[in-house]
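Numbering (full-length UniProt numbering), first residue to last: 1 to 291.
Given below as structure tokens:
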């Protein structure tokens, strides 16, 4: 029974890990291609959760699971077109300040619209219940989140590695000057990357709303750990971020079982250890523009 309980904690840790993963992949792509540290990324996660609360009564949770990321993705497209695009070639500090300001505006707007108190939101009726795997009993909804997250990661990997769009994005990350010399503009690709990244963050917010609750500061709380995942995984590495998110999730799950007060400290200790042994992260790639 103790082994089953440990396995349950590992699965709960993986659930948290894939939550970080959907956000960290977007952060890594935006920074690698555009050079902008998007401090507003957590705000899109929160907006996705609140949109789910608003849309579910009218179109159901299944509809909200699709509509919310799409709507937030369009919002990200607009922000990229009229704000972020101005700072790709500028001082990185300006982009940092802009996204920090956007995050503050978004959080306060959510407070004004919905109040500071958490908004109750339960698991949809059709996803309630447990799944029995031998002696292990696990939530059907949590298992569904893991399945959707795996599908999203697989889809993004295929997009980046098996399409012409992905080849241009990867080339733009490694050597944007060479891409420009070939007559290819990275602006539309950057717009698409931001839209996808923001949509993934909103999807994470939609799926985690019934698990973690919905409140205005939820984006700021998760953003820190998403950055930790990017640092551990390594800048520009898709699978590095994936592996780092899973490791962070498992570390959190096992620490919560062994010594709950040290759950968050264990994650930061892991980051420090990785930086001491491998400053680029586990699978950090050489990116010409940053070195």
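From the three backbone atoms N, C-alpha and C, an ideal C-beta is built for every residue, glycine too. Please read all numbers here as calculations on a predicted model, not as lab measurements.
With a cutoff of 8 Å on beta-carbon distance, residue 263 and residue 77 are scored as not near each other.
Assignment of residue 37 by DSSP, reduced to helix, strand and coil, places it in the coil class.
Here residue 139 carries a strand assignment [DSSP, helix/strand/coil].
With a threshold of 16 other beta carbon atoms within 10 Å, residue 57 falls short and is exposed.
By a beta-carbon distance limit of 8 Å, residue 186 does not contact residue 166. Their separation comes to about 13 Å. In the three-state reduction of the DSSP assignment, residue 132 falls in the strand class, which pools E and B. The beta-bridge partner set that DSSP reports for residue 119 consists of 214.
Straight across, the Cα-Cα distance linking residue 159 with residue 226 is about 22 Å.
DSSP places residue 223 in the helix class (H, G or I) of the three-state scheme.
Under the three-state reduction of DSSP output, residue 69 falls in the helix class. Distance check between residue 17 and each of 47, 277, 248 places 248 closest, using alpha-carbon atoms only.
Between residue 242 and residue 153, the C-beta gap is smaller than 8 Å, which places the two residues in contact. In the three-state DSSP reduction, residue 255 falls in the helix class (H, G or I). Distance from the Cα of residue 91 is smallest, within the candidate group 27, 36, 279, for 36. By the C-beta density criterion, residue 117 is exposed, having fewer than 16 other C-beta atoms within 10 angstroms.
Between residue 40 and the set 132, 199, 284, the nearest pair of CA atoms involves 199.
Per DSSP, residue 183 is not a residue of any alpha helix (DSSP H), being assigned neither H nor E.
Relative to residue 207, the option among 84, 145, 111 whose CA is nearest is 145.
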